[in-house]
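Its first residue numbered 129, the sequence shown is counted upward by one per residue in our numbering.
Let me begin by presenting the structure, written as structure tokens, before commenting on it.
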Amino acid sequence: MTATTPEQSPHIKFWWEDLEIGQTRDLGTVSPTREEIISFASQFDPQPFHLSDEGGKASVFGALSASGWHTCAMAMRLMVTNFLHESSSLGSPGLENLKWTKPVYPGDVLRLQHTITEKRAMSKRPDVGLVRTVWEMFNQQGDKVLHMEGYGMFRRRSPDKL
């Protein structure tokens with residue numbers, strides 16, 4: 129891997145050293161339309177309650193609702209657009225503890241909140257640090273619709289300073 133320094137990457141605002149335990153960021157909002165919900169479900173989660181108003185009405189959700197995977201994809205888009213593009217992100221080794229806590233309906237306004245809960249240097253990769261985070265997405269009533277925990281790898285600004 130080619131080393132990247134702050135001088136070589138002036139667009140990076142957030143390096144591993146800048147990410148502090150307890151930091152919470154609001155990463156914007158998104159509002160899925162009926163058409164977007166149906167389009168996503170048609171391709172990736174073709175269950176009746178995601179595909180039509182009738183299927184939604186006949187379900188436990190009572191109306192057309194977004195796939196949980198669509199909700200995750202919308203959260204990821206907000207994360208990339210409003211944080212990761214300005215960071216030294218190197219990707220993620222994975223997520224855990226994923227929960228869809230409330231249905232998402234067409235027109236809901238969803239807000240993503242991201243909190244850092246742990247961080248550590250990677251012993252085998254001194255140029256990389258690992259960050260554990262909680263992602264929570266809320267609808268316009270303040271109800272939590274998504275909870276997940278995950279890890280992100282970020283390049284370190286000063287790998288020689290352990």
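Note that the Cβ used here is the ideal one computed from N, Cα and C, for glycine as well.
These figures come from a predicted structure and were not determined experimentally.
- Within the model, the alpha-carbon separation for Asp181 versus Trp197 is close to 19 Å.
- By alpha-carbon distance to Ser193, the top candidate from Thr245, Val256, Pro287 and Asp236 is Asp236.
- For Ile165, there is no enclosing beta strand (DSSP E); the enclosing alpha helix (DSSP H) has its first and last residue at Arg162 to Phe172.
- Distance check between Pro174 and each of Thr161, Ser195 and His213 places Ser195 closest, using alpha-carbon atoms only.
- Residue state for Phe211 is assigned as coil, using DSSP reduced to three classes.
- In the DSSP assignment, Pro176 falls within the unbroken alpha helix (DSSP H) covering Pro176 to Leu179.
- For Arg285, no beta strand (DSSP E) encloses it, and the DSSP letter there is neither H nor E.
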